[in-house]
Each structure stands twice: as C-alpha cells, then as structure tokens.
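A.B. asks: Our numbering puts the sequence shown at residues -12 to 52.
Think of the CB as a built atom: it goes at the ideal place given N, C-alpha and C, for glycine as much as any other residue.
One structure follows; several queries about it will come next.
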Amino acid sequence: MDNNKRELLIGVLKSGIAAIPHVGEALNEVLFEIRGRIAQKRLKDFTNSLLSPFMKKNKAKNSSI
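Printed below as a string of structure tokens:
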C-alpha cells in the first residue's frame, strides 16, 4: 500500500474513532497520538543533548567578553 493511501486510511480511522461519544477522543489519543508525542520528545531530547556542549561554549565565550 502506498504512503498516500495509508495516510488516508489512518485519517479516516482516526475520524471514525473520534466520533464515538464520550470515549472516542481518549481512544484516539491512546491508539495514535501517544506514539507521535513520545517520538517528538525523544527527538527534542536528542537535539538538546547534541546542542548542549555548543551552547555551553557559546555562553562561556560571551561571558568572558
């Protein structure tokens, strides 16, 4: 299945689940959104740890001026 069809199917499925009264949004969060948030947090943490040494050097350089 190509990527566009897969994304369309996921979107339709998410919309259908969200339409369930009272529990739809919670199910949508559990089934789809949490993985994306975890991946985004991991990427943010990695980027921050990668940039941290450069930011410390830059702060030290600016404070000595």
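Do I7 and L(-4) have their beta-carbon atoms positioned less than 8 Å apart in this structure?
C.D. replies: For L(-4) and I7, no; Cβs fall outside 8 Å.
A.B. asks: Note down, one range per segment and in chain order, each alpha helix (DSSP H) of at least 4 residues found wholly within the stretch 19 to 52.
C.D. replies: Whole alpha helix (DSSP H) segments, 4+ residues: 21 to 50.
A.B. asks: Look at the Cβ atom of G(-2), then the Cβ atom of A5, and state whether they are nearer than 8 Å.
C.D. replies: It is not a contact, given that the beta carbons lie outside the stated cut-off.
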